[in-house]
Ligand SMILES: *Cc1c(COP(=O)(O)O)cnc(C)c1O
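Residue numbers (my numbering): 44 to 441.
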C-alpha cells in the first residue's frame with residue numbers, strides 16, 4: 044500500500060559539505076557561464092539551471108520534491124502561503140468567462156476570493172454542498188473549468204467523495220482541485236483522481252506556527268506552466284517562498300508522521316468522550332459522522348482521522364466563555380490556525396468563516412456556538428479531557 048511517509052523518508056539530500064541537511068541556497072540570482080545558456084533558460088530549458096529565485100531555488104526544489112513524493116504527484120511548487128497556492132491555481136485554470144464549482148464549506152479566504160475577487164475578472168463560481176453529487180452535477184455548465192473542494196472541510200468537517208467527483212469531472216474535461224490541509228498523510232487525493240493537491244504548509248505540515256507557506260502538487264506540465272516566465276501564475280503573481288523558510292519547513296516535515304499519529308489519537312479520544320457526555324460533536328472518526336465510512340474508504344489508517352474536532356457550545360456567549368476559561372487553564376490558546384503542538388480553538392462563525400454571510404452560515408449548519416478545536420500533541424489526553432470537562436461545567440456548557 045502507498046505510504047506517503049515512506050516516500051518522504053526515502054528521499055536523501057546532503058549539504059554542500061556533506062551535511063546531513065541540504066545547504067540553504069541564500070541567493071536571489073544565479074550566474075551563467077555562457078550567455079547562450081541564460082537565453083535557453085529563459086526559453087524554458089531550465090534543467091539543472093537556476094535563473095532567479097522567484098522561479099525556483101535549490102531549497103524550494105528540495106521541499107517541493109518531498110511534498111510531491113508525499114502527495115504521489117509528478118511535481119510540486121512551494122509558495123509563500125496557502126492562499127498564494129490557491130489563488131495561483133485558480134488563476135492558472137480560469138480565464139474571463141470561465142466557471143468554478145466549489146464546495147460551500149471551504150476556508151474563509153478561499154471563499155472570499157471566489158465570491159468577491161475573481162468575478163472582477165469574469166470568473167464566476169457556484170457554491171454547492173459538496174457531499175451531494177446530484178447538486179454538483181446540476182451546477183456544472185459548459186464553461187466549468189474546475190471543481191474546487193477540501194478533503195475535510197473547514198470548519199464543518201464535511202468529507203468529499205474525491206473519487207466519485209473526479210470521475211464525473213473528468214468525463215466532462217473538468218479538473219479537480221483539492222485543498223488537503225486538514226488531512227496530510229491520512230488522505231492522498233491524487234490516488235483518488237484529483238488533478239491538483241494544495242496545502243497550506245502553515246498548518247500541520249510545518250506544525251510549529253512560526254511561518255506561513257503553501258504548496259501546489261500536480262503534473263510536471265502543470266507545475267511548469269505555473270512557473271512559465273511569460274504566462275505562469277506563480278511566476279507572475281509572485282507569491283514565492285523564501286529559501287530559509289523552505290529549509291526550516293523541510294526539517295519539520297521529517298516528523299509529520301509522528302505528529303499526525305498523536306493528533307489523530309488525541310482527536311479520536313476527545314471526540315469519543317465528548318460525544319458520550321451528550322455534547323454535539325463532529326469528528327470524521329466518530330461512527331455518527333455522516334461520512335465516517337467514506338473517510339475510512341479513502342484514508343491511510345496509520346494516520347487516522349486527524350486532529351480537528353468541532354463541538355457546539357449552544358451559544359456564542361457560552362462558546363466564548365469556554366474558550367477564555369480553557370485558555371486561562373492553559374489547555375490551549377484562543378487563536379485561529381491549526382496543527383500546532385498546543386491546542387488551538389476559535390469560534391469559526393465570528394472569526395475564520397466570518398467572510399461567509401450570516402444567513403449562508405445558518406443554511407450550511409455553521410451554528411454560532413460552534414467551537415473548532417485543533418487538538419495539540421498532549422501526551423496525557425485523559426488529563427486534558429478532565430480539565431476541559433471541568434471548564435465546560437463551570438461555564439454551563441455541560
Ligand atoms: C489556513 C488555510 C488556508 C490558507 O493558508 P495560508 O497559509 O494562511 O495562506 C487554506 N486552506 C485551509 C483549509 C486552511 O486551513
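In this text, a Cβ means the ideal position worked out from N, Cα and C, and glycines have one as well.
Since the structure is predicted, the reported quantities are computational estimates derived from the model, not experimental observations.
* To do: Would you check if the distance between the CB atom of residue 245 and the CB atom of residue 261 is smaller than 7 Å?
  => No, Cβ-Cβ distance for residue 245 and residue 261 is not below 7 Å.
* Distance, Cα to Cα, residue 367 vs residue 360? -> 11 Å
* **Own chain, CB closer than 8 Å to residue 57, minus 5 neighbours either side, in chain order** => 63 and 65
* Mind checking which residues open and close the alpha helix (DSSP H) that includes residue 277? => 276-280
* To do: Could you tell me whether the region 233-243 touches the region 201-216, where touching means 3 or more Cβ pairs closer than 8 Å?
  => yes
* To do: Indicate whether residue 76 and residue 146 have their beta-carbon atoms separated by less than 7 Å.
  => no
* To do: Under 8 Å by Cβ, that's how I've got residue 381 and residue 334 pegged, so tell me the actual separation to the nearest angstrom.
  => Not really, about 19 Å apart at Cβ, beyond 8 Å.
* To do: Jot down the residue ranges of each uninterrupted beta strand (DSSP E) in the region 47-123, minimum 3 residues, whole runs only, in chain order.
  => If we require 3 residues or more, the beta strand (DSSP E) runs fully inside the region 47-123 come out as 118-122.
* With a Cβ-Cβ cutoff of 7 Å, do residue 258 and residue 123 count as a contact? -> no
* To do: Keeping to the same chain, check which residues put their C-beta closer than 6 Å to that of residue 142; ignore five residues upstream and five downstream.
  => 167, 184, 186 and 187
* To do: List in chain order: all unbroken alpha helix (DSSP H) runs of 4+ residues lying wholly within the region 227-276.
  => 263-269
* Asked: Can you tell which of 199, 253, 337 and 131 has the C-alpha that lies nearest to the C-alpha of residue 385?
  -> For residue 385, the nearest C-alpha among the options comes from 253.
* If residue 308 and residue 327 are in contact, beta carbons under 8 Å, what's the gap, nearest whole angstrom? -> Wrong, their Cβ atoms sit about 14 Å apart, outside the cutoff.
* **Nearest residue (CA-CA) to residue 290, options 270, 110 and 148** => Of 270, 110 and 148, the residue nearest in Cα terms is 110.
* Answer with buried or exposed for residue 404, where buried requires no fewer than 16 other C-beta atoms within 10 angstroms of its C-beta. => buried
* Asked: How should residue 281 be labelled, buried or exposed, when 16 other C-beta atoms within 10 angstroms of its C-beta is the threshold for buried?
  -> exposed
* How would you write the range of the alpha helix (DSSP H) that residue 405 sits in, first residue to last? -> First-last of the alpha helix (DSSP H) with residue 405: 401-407.
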